[in-house]
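Q:
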Amino acid sequence: MKWLRPRVRMIGGESGVEGFVGRWGSGKTLMLSAVGLFGLRDPRCLGVWSTFPLFDAETGRRAFDLDPDRLSALLPELSLPPDLVRQGFYILALVDEAGVLMPSRMWDKLPMKFLATLAMGRKKGLRLRWAAQSEKRVDVVLRELTTTIWRCAKWHPFGLFGRPWCIRLRGYLPGESEDTADKTWEKSKGPQRRVWRLRAAMEAYDTLFVVSVADHLVDKARPVAAKAEAA
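When you number the sequence shown by this note's numbering, it's gap-free, plus one each residue, and the end is 1179.
Right, dumping it as structure tokens:
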């Protein structure tokens, strides 16, 4: 499937942090899957870590588990020596449902070491790709460090079992209006992409997989449920 590699390279690029946003069924996780497959097949990528199961049937490789309960502790450990970074090697981290795992309303729950990793990840060879329904739902530090946010949408209303065959992407900078991205798509000056033939990416993950809420967020997010479980 040689067609997958150049298509995904155009989307992901080599920046430190990029995000995918959109409504339910718009293809956010599908794009994370496509980027993850590229990482699994790229000899320069020394490891793909993901919050959702990802398996490449063609190569037999799979992504390492980026457990939400250990996300804040594990992500700072994903780093490479400077010599490898200078040679172009990198580690890829995929965070689905970033609005749940790194929510903007619970910024005080995210450890400072974790936030520092986001700020210096590029120097350590870490490339982070996240997905959320809206950029406003993710932590402000993550938003400020994101190079490009890609607005995902189905280009045509057809698909296979709810999974689109073509994803249309419109890139914009953090802070730009998401509403503008929807209303003036054709007139937008931001980068635009149309991604076709994503069958391999569709088969690499389970679209119904549910990302669990991290333990360090449960007490504040669901105080009543937490007390009931403790009792």
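Using N, Cα and C, we set each Cβ at its ideal position, and we do this for glycine too. The structure displayed is predicted, hence computed values, not measured ones.
Where DSSP assigns a beta bridge to residue 1102, which residues make up the other side?
A: According to DSSP, residue 1102 bridges with 1115.
Q: With DSSP run on the structure shown, which of helix, strand or coil describes residue 970?
A: Three-state DSSP puts residue 970 in coil, outside helix and strand.
Q: For residue 1016, would you say it is in contact with chain C, using Cβ-to-Cβ distances shorter than 8 Å as the test?
A: This model lacks chain C altogether; it includes just one protein chain.
Q: For residue 1035 and residue 1070, what's the separation of their Cα atoms in angstroms?
A: So the alpha carbons of these two residues sit roughly 13 Å apart.
Q: By DSSP's criteria, residue 1096 is part of a beta bridge. Which residues make up the other side?
A: In the DSSP output, where bridge partners are listed per residue, residue 1096 has 966.
Q: What residue from 1090, 1059, 975, 966 has the CA that sits closest to residue 1101's CA?
A: When only C-alpha atoms are compared, the closest one is 975.
Q: Report yes if the C-beta distance between residue 965 and residue 1094 is below 8 Å; otherwise report no.
A: Yes, these two residues count as a Cβ contact at 8 Å.
Q: Indicate the three-state DSSP secondary structure (helix, strand or coil) for residue 986 in the structure shown.
A: Helix.
Q: Relative to the C-alpha of residue 1005, which residue among 1040, 991, 1157, 1151 is closest?
A: Comparing Cα positions, the closest option is 1151.
Q: Can you say whether residue 1045 is buried or exposed, counting buried as having 16 or more other CB atoms within 10 angstroms of its CB?
A: Classification of residue 1045: buried, given that the 10 Å Cβ count is 16 or more.
Q: Mapping DSSP to helix, strand and coil, what is residue 1082?
A: Residue 1082 falls in the coil class under three-state DSSP.
Q: If you draw a straight line from the C-alpha of residue 1098 to the C-alpha of residue 1040, how long is it?
A: Residue 1098 and residue 1040: Cα-Cα distance of roughly 17 Å.
Q: Could you tell me the alpha carbon to alpha carbon distance between residue 1145 and residue 980, rounded to whole angstroms?
A: Looking at the two C-alpha atoms, the distance is approximately 15 Å.
Q: Are the CB atoms of residue 968 and residue 1079 nearer to each other than 8 Å?
A: Their beta carbons are under 8 Å apart, which means residue 968 touches residue 1079 by this criterion.
Q: Between the Cα of residue 1029 and the Cα atoms of 1023, 1022, 1037, which residue gives the shortest distance?
A: Selected option, being the one with the closest Cα: 1037.
Q: Which complete alpha helix (DSSP H) runs does the region 1002–1039 hold, if anything under 4 residues is left out?
A: Taking only runs of at least 4 residues, the alpha helix (DSSP H) segments lying wholly in the region 1002–1039 are 1019–1022, 1030–1034.
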